[in-house]
Amino acid sequence: MEILKVQNLCKTYGKEEARVDALKNVSFTLEKGEFAAVVGESGSGKSTLLNCIGALDTPTSGNIMVDRQDLFSMKEEQRTIFRRRNIGFVFQSFQLIPELNVEQNVMFPLLLDYRRPDPAAVGEILELLGLADRRRHLPGQLSGGQQQRVAIGRALITRPALILADEPTGNLDSKNSQDVMDLLTQASRRYQQTILMITHNNNLVSSADRVLRITDGVLKDLGGNADEKLS
Amino acid sequence: MKSYLELIPISAKVHRKQTRMTRLCIVISVFLIAAIFGMADMFLQSQMEQAIQSDGAWHVGFKALNEEQIAMIRARPEVKTGARYAVTNYRLDMGYAINGTQTALCGFDESFFELYPAVHLLGGTFPQEDDEVLVSESAWDRLNLAAGDSIKVTTPGKPLVFRVSGYIEDTMGLLQGGAFGVFMDTDTYLSYFQEATLEKDFVYFVGFVPHCRIQDAVEDICKQLEIPRDSVSENSKLMGLLLQSSDSYILTLYLVAVILAALVAFAGMLMILGSLNSNVAQRTEFFGMMRCLGATGKQIRRFVRLEALSWCRTAIPLGLVSGMAVVWILCGMLRVASPIYFGGMPLFGVSWIGLGAGCVIGLLTVLAAMNSPARKASKVSPLTAVSGNANTVFAAKRAADTRLFHVETALGIHHAAGSKKNLLLMTASFAFSILLFLSFGTGVDFMHHAIQPLRPWTPDVSVVSPDNSCTISDSLLAQLKENPAVSRIFGRSFAYDLPVRLHGEHKTVTLISYEDWQFGWAEDNVLEGSMDRVKNGEGVFLVSREGFAAHPDDEITVETKLGSRTVTIAGILGYVPFDAGKEAGILICSEELFRQLTGEAGYTILDLQLKDQSDRAVEEIHGTAGEGYTFSDRRASNQNVRAVYFSFALFVYGFLAVVALIAAFNIINSIGMSVSARMRQYGAMRAIGTSARQLKIMIAAETATCLFCGLITGLALGLPLHYALYQKVITSRWGDVWKLPVSEICIIAVVMTASAVLAVVGPARRISGMSVVETISAQ
Chain H
0 MEILKVQNLC KTYGKEEARV DALKNVSFTL EKGEFAAVVG ESGSGKSTLL
50 NCIGALDTPT SGNIMVDRQD LFSMKEEQRT IFRRRNIGFV FQSFQLIPEL
100 NVEQNVMFPL LLDYRRPDPA AVGEILELLG LADRRRHLPG QLSGGQQQRV
150 AIGRALITRP ALILADEPTG NLDSKNSQDV MDLLTQASRR YQQTILMITH
200 NNNLVSSADR VLRITDGVLK DLGGNADEKL S
Chain V
0 MKSYLELIPI SAKVHRKQTR MTRLCIVISV FLIAAIFGMA DMFLQSQMEQ
50 AIQSDGAWHV GFKALNEEQI AMIRARPEVK TGARYAVTNY RLDMGYAING
100 TQTALCGFDE SFFELYPAVH LLGGTFPQED DEVLVSESAW DRLNLAAGDS
150 IKVTTPGKPL VFRVSGYIED TMGLLQGGAF GVFMDTDTYL SYFQEATLEK
200 DFVYFVGFVP HCRIQDAVED ICKQLEIPRD SVSENSKLMG LLLQSSDSYI
250 LTLYLVAVIL AALVAFAGML MILGSLNSNV AQRTEFFGMM RCLGATGKQI
300 RRFVRLEALS WCRTAIPLGL VSGMAVVWIL CGMLRVASPI YFGGMPLFGV
350 SWIGLGAGCV IGLLTVLAAM NSPARKASKV SPLTAVSGNA NTVFAAKRAA
400 DTRLFHVETA LGIHHAAGSK KNLLLMTASF AFSILLFLSF GTGVDFMHHA
450 IQPLRPWTPD VSVVSPDNSC TISDSLLAQL KENPAVSRIF GRSFAYDLPV
500 RLHGEHKTVT LISYEDWQFG WAEDNVLEGS MDRVKNGEGV FLVSREGFAA
550 HPDDEITVET KLGSRTVTIA GILGYVPFDA GKEAGILICS EELFRQLTGE
600 AGYTILDLQL KDQSDRAVEE IHGTAGEGYT FSDRRASNQN VRAVYFSFAL
650 FVYGFLAVVA LIAAFNIINS IGMSVSARMR QYGAMRAIGT SARQLKIMIA
700 AETATCLFCG LITGLALGLP LHYALYQKVI TSRWGDVWKL PVSEICIIAV
750 VMTASAVLAV VGPARRISGM SVVETISAQ
């Protein structure tokens, strides 16, 4: 089942001489439960692609369908609600809410939806993240790896169709990086969630089912993970 | 680049938008301080102008001095001007008259003109010969005099003849009394009237040189010349304005002014402090990066301080200029409203006090306020630059409580109350606005007590029966009513000292008749009973006073020349603008009932309010009334009252407006700063699905929490301060008991709530229009 469908996506910044084509006719699809990694040089357009798919940025042209819904045909408020229910985000710098503890941060998207979180589901995710004994801690009291795990928990709590991860291990050491990757893979397998991850780190690509390379705004599907193709 | 400090202008250019709020905050703080101190300065100047015009430029007056003492005082270096002044028939009750018009006789030295700038020589010369005199303008005009003419003054003894050498402006006292004035050189005066002059009416007025310590000088003069201290009078208003008064009440006012000035300065400090703190907090990551690159704590402190000073370079002059602009507007309004009294006010005058206060307080505050953020910046760990916590503006110590409220409301409350220090700062700055407003609010009470504004019934001119009898005819009233210059005319008849019997007790009353206008004005003062019954002649109003306790439907028996008649008390009045002496009561009745009771058909006084206040119109009215009545002209004194009231009200309400502005700005700025500081966090929240509406609720909850805490704390601190100031300024002087300042509280609460709403709208709009991508990736 197609969860993400990107068609002829273009994104242009600036005008005339200062014009930069960050994305050029990007098209691809992701199936349910697929874990895809986007690789590319710095400035190649990876983050722009992710921001457009996450509806954080507006594309210049093209379509993005998430779970068969056209993101940009919705009104702003509608799109926000759709995003919090159907797209989970994991940022490089975690972006946790410092005033909420681990449990509250994880539950945050549900609370925004005025839904009563199921304690069992929250407990299950915290167990999965290995944060059950830290549920009352504030982000400031956690290590970087733990904070990123909380961010992953937050992305998982609504069981979204799509999880977008922007350099999720960029601020972490190798041990924590591996833990985070394991978690994302586990989530993909366990909850059948589609994950699109941006990374610089070639070593992490091995966890992905599919690799997409982006060069100067042009996307190339490298198919199933193949280290030799990337090296 | 030669020094790391050169990064400051480069950083300022790059972060222009980010530092705009801080620079604006300094501009507005300096503006408010400069405006309020400038206004205070101009207020003092305007009051001084007005005081000099109405009461003279003299500082002290010595009574009953001999020539030797006068010469000794005149010879002192600190005495700039001295003038002898003596008057006979000042109270118009000694029988001096010209052509039947009561006349006051004055003697003064020529230097008196310097001490009374409002008294101008309008024509002719100051008397040089022994028999030469000046006359008042009204006498000059009405008697058709010219220089060299003779006038005959009737006295209780032999009549005196003088030669007129010129004429001077009428004084308010002469105009109100409808009297003439004759003015002569002091030596001439003494040769004629030394015997007739009361000791208290012979004064030596002294004007001291500028910057002289007048109280010390007076003390010294009294000691050396053995002058009793109680024979020295002060020009109290002028002395008070010169900060030279010895009056204990004025000293209390100085104290109150110092407290208010300190409060204003402190309010400015709080505003700047809040904004700088917030600015540094937003750039924790930047300072962390600087530390990472090897900058020492000391270097960071230096960087932060110099950066703040560089903002001052443009912000302080801008604040000063805008502060002065407000002062110019107020001065312009004063000049337009009352050119006679405030024509001397500078239109584009510079208030050095305002500029100095704005500059010094602004600069010192920025320097002082920078200490804490500079220290904070210097202590930023280099780790913050590389860890993910750099955007944690106010590190949370405990989690928000999401059980009671929705998560966005809970977070908003937590943003306000999560950090005790932040809450304290916010509450203090909000509460301070209330404190300031309530403190300045006592100025309104002071104004209402100290200056009686013109009442609706205040006449411009009055025609008065010379012996207070009811001799002014109905026909004169009808004739004057036809005059197009007259907007309103109303007469009253008086019957003095009528014996009455009330509840079996014998007393005396003054019976006064009212017509419709006066009944209308008295409506608000009816304590009990019916206005209609009195208007219809079915009874009388008794004016409430000690010894005259009665209720509606009680009866009072009045003895007049027509005999005794019992009338019903139809109502009780709380106030009338007349005084009947210590013992007598006052009864008010309709004109018809007055005629029935006394048999008198005429009026004692006709009050006229004028559409056309020109001299020509007044002369015409005077001509119609003729010479048989006392003609009281109150235009000048009304103008004086209007000028004093207007100038006072302009500044008092100006202060309140500026204070309300401080409150509004403080709230909008504090919330704006708080939102700016959390912008990245809001961006992240938007990214994970928080809607713009939810963020708006979050900011509203934060604002409401601060507002609530501020209001409660402000009232808890402001009311005791208001009480203390009220006791000192009002109760000690006029005895009024302190009451809860409900209107002031309501006004400031409304201002603060409206500002809070505005404070939410702006940032909420900013958030809904923000680019999530740019916000979360912004430095």
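In order, the protein sequence lines correspond to chains H and V. Numbering that gives the first Met the number 0 numbers the first residue of the first sequence as 0 and each following residue consecutively. Numbering that gives the first Met the number 0 numbers the first residue of the second sequence as 0 and each following residue consecutively. Beta carbons: idealized from backbone N, C-alpha and C, even for Gly. This one's a predicted model, so the numbers in the text were calculated from it and none came from an experiment.
By the neighbour-count definition (other C-beta atoms within 10 Å, threshold 16), V:S377 is a buried residue.
By the rule that beta-carbons nearer than 8 Å mark a contact, H:P108 touches chain V.
For the options V:L434, V:A307, V:S529 and V:D735, the alpha carbon positioned closest to that of V:A368 is the one of V:A307. A Cβ-Cβ contact shorter than 8 Å links V:G60 with V:V202. A Cβ-Cβ separation of about 6 Å places V:Y628 in contact with V:S464 under the 8 Å criterion. The alpha helix (DSSP H) runs of length 4 or more contained entirely in the region 628-686 of chain V are, from start to end of the chain, 634-676 and 678-686. Contacts with chain H at 8 Å (Cβ-Cβ) include V:A686.
The C-beta separation of H:A160 from H:V65 comes to about 6 Å, placing the pair in contact by the 8 Å criterion. By the Cβ rule, the region 429-443 of chain V does not count as touching the region 464-480 of chain V, because fewer than three pairs are nearer than 8 Å. Taking all protein chains shown into account, H:N170 has 16 or more neighbouring C-beta atoms within 10 Å of its C-beta and is therefore buried.
Residues of the region 410-425 of chain V whose Cβ lies closer than 9 Å to any Cβ of chain H, in chain order: L410, H413, H414 and G417. A check of alpha carbon separations from V:V499 across V:V508, V:G165, V:M183 and V:L716 identifies V:V508 as the nearest. Looking at V:I620, V:V26, V:W57 and V:D148, the one whose alpha-carbon comes closest to that of V:F664 is V:V26. Counting along the chain, V:K480 sits inside the alpha helix (DSSP H) bounded by residues D473 to K480. Contact check for H:L163 against H:I63 fails: the beta carbons are separated by 8 Å or more. In this chain, the alpha helix (DSSP H) harbouring V:K297 covers G296 to A336. By the 16-neighbour rule on beta-carbons within 10 angstroms, V:M323 is buried. Taking the C-beta atoms as reference points, V:N639 is found no nearer than 8 Å to V:L453. Interface criterion not met: the Cβ of V:T295 is under 8 Å from no Cβ in chain H. For chain V, the residues of the region 53-68 of chain H that bring a beta carbon within less than 8 Å of one of its beta carbons are G53, L55 and D56, in chain order.
Only those residues of the region 117-142 of chain H whose C-beta falls short of 7 Å from the nearest C-beta of chain V are listed: L137 and G139. In this model, V:L262 and H:L48 are separated by some 55 Å (Cα to Cα). The DSSP-derived three-state label of V:L173 is helix. Under the three-state reduction of DSSP, V:T441 is assigned to helix. At a cut-off of 8 Å, the C-beta of V:T730 has no neighbouring C-beta in chain H. Of all residues in the region 692-710 of chain V, only R692 and Q693 come within less than 8 Å of chain H when Cβ atoms are compared, listed by chain position. In this structure, the CA atom of V:T603 is about 9 Å from the CA atom of V:D466.
Across the set V:H505, V:H447 and V:V365, the C-alpha of V:H505 shows the shortest separation from the C-alpha of V:E558. Taking 8 Å as the cut-off, the Cβ atoms of V:T87 and V:A195 count as close. With fewer than 16 neighbouring CB atoms inside 10 Å of its own CB, V:C745 falls in the exposed class. Put simply, the region 546-554 of chain V does not touch the region 616-636 of chain V. Fewer than three CB pairs are less than 8 Å apart. Chain-order list of chain V residues neighbouring H:Q103: A398, A399, T401 and V406, by C-beta distance under 8 Å.
Take V:L173, set aside five residues on each side of it, and the residues of its chain with a beta-carbon closer than 8 Å to its own are A103, S135, S137, F179 and G180, in chain order. The beta carbon of H:T11 sits no closer than 8 Å to any beta carbon of chain V.
Assigned with DSSP and collapsed to three states, V:P8 falls in helix. In this chain, the alpha helix (DSSP H) harbouring H:S173 covers S173 to R189.
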